[in-house]
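Notes to accompany the following structure.
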Amino acid sequence: MRIVLAGYGNVGRSLHRMLEERRRELLRRYSMDAIVVAVIDRGGAAVHWKGVPYSEAAAAKDSEGTVAAGVHGRRGVTVLDLLDEVEADVYVDTTLPNFTDGQPSLSYMERAISRRMHVVTSNKAPMALAMPALLEVAEQKGVRLLYSGTVGGGTPFLGMASEALRGNRIRAIRGVLNGTTNYVLHRMETEGVSLEEALREARRLGYAEADPRIDLSGLDSAAKLVILANHAMGSNYTLSDVRYSGLEGVTPGDLREAAKRGKALRLLADSRRLRVGLEEVDYRSPLNVPANLNSVEFEVEELGSIYLIGRGAGGPETAAAIMRDLVQLNAAQPRR
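With the sequence shown counted from 1, adding 2 to any position gets you my numbering.
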């Protein structure tokens, strides 16, 4: 499995390291021989048909700010250039989201699909803005588009819906879908710190988006709600269908007042109302999770409410979700 990896931040680097460190294990357990033949960031690319070593790419990124500074580096190369010239089986997109129009990632994914490459992405924006169209084009080209890393970090919320609950009818989804805002609320609630101080800590720990307004405004949760609802319930929503608000104006005092009533304030996404906003939940509710955890309630016709809780933010966690998609993709390929 030859991989082109776009984006070399926390997620991209974590994935590259995992693929290299676990190569023998992946081959033994899953008959999956995955090599990263190209890595690209804003400064250019590193390309080698035998695989770009993690040590080379990481050292170049740390010292010069771009993977293109390494032995196999090529400055000024674009993702579209690579997709046109590099022989690869899978395009992995870990680039930053642009919720205005999904670009340039949307164009990258479309080009990879047109070249009959499978696509695995952790970038929520193209999926939230154009998920139905992208899946249709991928099906037409006979390739897979997998996106476990877009929702829940490493916690398999999408897999719960499509695998564990296969054959059941999911009526609604409700939950905490953003680890950053949950961490901020939890710190404000338990430590009495300001929103700004809690956010600084979240950024230091690597939980927050590069632009934290994406988290704090509720936009990130809205995007995840679209993806999860479409995946779990066969909907065809896009981001414009969701009303959302975030943590604007919330204070430690608001959380203390809720606590007096036996409640906790959490940023909840609700598929039934297509809404994201602050709501009170009972202190004993499975939706009242601490720190950067996510919690999703699946309302299932045959089973009632089923909850899944797990870490929803962080580079290694999201890389683990991408790894899961790569293993799934490999398992679906015909054996030679």
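Every residue gets a Cβ at the ideal spot worked out from N, C-alpha and C, and that includes glycine.
Spatial neighbours of TYR32 in its own chain (CB-CB distance under 8 angstroms, excluding positions within 5 residues in sequence) are listed in chain order as VAL329, ASN332 and ALA333.
In summary, ALA166 is exposed, with fewer than 16 beta-carbon neighbours lying within 10 Å of its beta-carbon over all protein chains present. Linking MET235 to GLY72 through their CA atoms gives a straight-line distance of about 45 angstroms. Counting the other Cβ atoms within 10 Å of the Cβ of GLU191 gives 16 or more, which makes it buried.
Separation of the CB atoms of SER297 and GLY177 is rounded to 5 angstroms, and the pair is thereby assigned contact status at 8 angstroms. When THR102, LEU179, GLU112 and ALA114 are compared, the shortest CA-CA separation from ALA127 is found for THR102.
Note: ALA266 is bridge-paired with VAL283 in the DSSP secondary-structure output. In this structure, DSSP gives PHE300 an extended state, which the three-state scheme calls strand. Between ALA40 and LEU7 a beta carbon distance of about 7 angstroms is seen, short of the 8 angstroms cut, so the two are scored as contacting.
For ARG31, the enclosing alpha helix (DSSP H) stretches over residues 25-32. For ARG77, DSSP records a beta bridge to GLY46. Separation of the CB atoms of LEU276 and ARG326 is rounded to 28 angstroms, and the pair is thereby denied contact status at 8 angstroms.
Boundaries of the alpha helix (DSSP H) around TYR56: 56-66.
Assignment of alpha helix (DSSP H) within the stretch 97-155, counting only whole runs of 4 or more residues, yields 107-116 and 126-143 in chain order.
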